[in-house]
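Start counting the sequence shown at 3; every next residue gets the next number (the working numbering).
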Amino acid sequence: MCHQHSWKVFVLRLGHRPERDKRITTHVFLVARAFGAHGAFYSGQKDEKVEASIRKVVESWGGPFSIEYVEEWVKKIREWKKMGGEAIHLTMYGLPLNEVIQEIRKSKKDKLIIVGGEKVPRLVYDLADWNVSITLQPHSEVGALSVFLHELYMGEELKREFENARIKVIPQARGKKVIRLF
Ligand code: SAM
Numbered sequence: 003m004c005h006q007h008s009w010k011v012f013v014l015r016l017g018h019r020p021e022r023d024k025r026i027t028t029h030v031f032l033v034a035r036a037f038g039a040h041g042a043f044y045s046g047q048k049d050e051k052v053e054a055s056i057r058k059v060v061e062s063w064g065g066p067f068s069i070e071y072v073e074e075w076v077k078k079i080r081e082w083k084k085m086g087g088e089a090i091h092l093t094m095y096g097l098p099l100n101e102v103i104q105e106i107r108k109s110k111k112d113k114l115i116i117v118g119g120e121k122v123p124r125l126v127y128d129l130a131d132w133n134v135s136i137t138l139q140p141h142s143e144v145g146a147l148s149v150f151l152h153e154l155y156m157g158e159e160l161k162r163e164f165e166n167a168r169i170k171v172i173p174q175a176r177g178k179k180v181i182r183l184f
């Protein structure tokens, strides 16, 4: 399980706009949770609906996974680093994942994985300890985050059991089986 690492992983999603990003931000958080992150922050506009839908998932499917709106993302990144953590910005312009992932995994620092929205301010590139690309092609924050977490955990996240889950899937070759745990 992911708990064997000394570090924790949180995701910071920048520039959320409720009208346009509702689904994609929700997907960033669902992927973050499912692939082993401990929680997420987001900036832009506060969105109670997105927060509620993630909390509902955690209530049913387990955690731990926290979600928190941050008004000032610059402050959040600076505080994270001041507390001894490192900031990792996923961007198509960064250093290739394969070249840096071992060093990132080896470092004992808690990791703040930053993904952008429409336009990412230059300051993010400067504040980040690492700017990491997952291919040099434009794609998506959801795709970038999943591949990054999968490589960071070396696939261990696929076997993760969630604490305090009320429901759980029993894998089937065909069909669906879900059990209630309490
Ligand atoms: N055009 C925007 C900019 O200013 O960089 C990025 C838009 S992209 C739809 C949204 C986010 O997906 C990016 O901020 C980045 O976090 C992630 N992303 C997209 N392609 C990526 C890649 N090849 N490698 C890493 N992250 C990527």
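Where a beta carbon is used, it is the ideal one built from N, C-alpha and C, also for glycine.
Asked, Found
"Going by DSSP, what residues sit across from V134 in a beta bridge?", "L97"
"Between S68 and ligand 1, is the CB less than 7 Å from at least one heavy atom?", "no"
"How many Å lie between K178 and K78 at the Cα?", "41 Å"
"Less than 8 Å between the CB atoms is what I'm expecting for L92 and L147, so what's the real figure, rounded?", "7 Å"
"Take every Cβ of the region 56 to 73, pair it with every Cβ of the region 162 to 182, and state whether three or more of those distances are shorter than 8 Å.", "yes"
"Quick one, are the C-beta atoms of E159 and L151 less than 8 Å apart?", "yes"
"Which runs of the alpha helix (DSSP H) spanning at least 4 residues fall entirely within the region 33 to 105, listed in chain order?", "50 to 63, 75 to 84"
"Just to confirm, are Y155 and G38 a CB contact at a threshold of 8 Å?", "yes"
"Quick one: give me the first and last residue of the alpha helix (DSSP H) that V122 is part of.", "V122 -> no alpha helix (DSSP H), and no H or E assigned at all."
"Under the criterion of a Cβ to heavy atom distance below 7 Å, does L138 qualify as lining ligand 1?", "yes"
"Quick check on DSSP: helix, strand or coil for R176?", "coil"
"Tell me whether the beta-carbon of R19 lies closer than 8 Å to the beta-carbon of G46.", "yes"
"What three-state label does DSSP hand F31 in the structure shown?", "helix"
"Hey, how far is the Cα of T28 from the Cα of K48?", "13 Å"
"Any heavy atom of ligand 1 inside 7 Å of the beta-carbon of V117?", "yes"
"Tell me whether the beta-carbon of S135 lies closer than 8 Å to the beta-carbon of M94.", "yes"
"Return helix, strand or coil for M3, following the three-state DSSP convention.", "Its pLDDT being 46, under 50, M3 is placed unreliably by the model, and the measurement read from it follows with that caveat. In this structure, M3 counts as coil in the three-state DSSP scheme."
"Using 10 angstroms around the beta-carbon of L138, count the other beta-carbons present and answer buried if the total reaches 16, otherwise exposed.", "exposed"
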